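As structure tokens, the structure follows; a few thoughts come after it.
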Amino acid sequence: MKPIDAMIKARELWLRNRGHHSYGQGTAVLGLLGQPAANARVVCLVDKEDRHIFGCNVLLTTTPASTDWTAAERREHSWGMTMSHTHPAFLRDRIGWLITIWVADYAARQPDPPQWVRCRVPHPRLMAHYRDELGWQLVRTVLDRDRRGVALMQRRPESISAVSALIASSMPLEVS
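Heads up, the sequence shown is in the working numbering, so the first residue is 75 and it goes up one at a time.
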């Protein structure tokens, strides 16, 4: 848990130094560790040799309940990806891309795969990165409770054969 805490603190400091917010998500991620839930898993990208944490997020294996999604969208079988954090020391290493392709591949390989993996992205530049670099589709932009724009995005699950060459595990990391 300490390496995840250190990675999250480094990311939150990096965000603050650039005038961005983390919305308290780091605390929420840490709160989920060691408390497994049927529909929420903390997924981490870890170096097997030195156990260095490159990034993590929370994968919700049920349809996101947010009312920002329409009733029809909430009826679709989808998963949520939320609370994503990547270590700022590895910005050029495409950690977000690795996490995205792993999630897409992992979802596609399930016995009952979702139609979509969905997420909320709180910053226009990050939304453009998800769309242009990571293959997510912009569904629409909504206002959060602070009247800031939040992008609702989705990506189809897809089996990606090369994932196993990049990421050794096909299971979410269980951290306690």
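Where a beta carbon is used, it is the ideal one built from N, C-alpha and C, also for glycine. Small disclaimer: the values here were computed from a predicted structure and weren't measured.
Residue environment analysis places Ala-181 among the buried positions, since at least 16 neighbouring C-beta atoms fall within 10 angstroms of its C-beta.
Shown here, Ala-202 sits in a helix according to DSSP, grouped into three states. According to the DSSP secondary-structure assignment, Ile-234 is paired through a beta bridge with no residue. Arg-229 and Glu-123 have their C-alpha atoms some 31 Å from each other. In this structure, the alpha-carbon of Asp-218 lies about 20 Å from that of Glu-86.
Pairing Val-191 with Pro-77, the inter-Cα distance amounts to about 27 Å. C-alpha of Ile-234 to C-alpha of Arg-214: approximately 27 Å in a straight line. DSSP places Trp-88 inside the alpha helix (DSSP H), whose first and last residues are 76-91. Minimum Cα-Cα distance from Phe-128 among the listed residues Ile-169, His-203 and Pro-198 corresponds to Ile-169. Apart from the 5 residues on each side of it in sequence, Phe-164 sits with its Cβ closer than 6 Å to the Cβ of Phe-128 in its chain, given in chain order.
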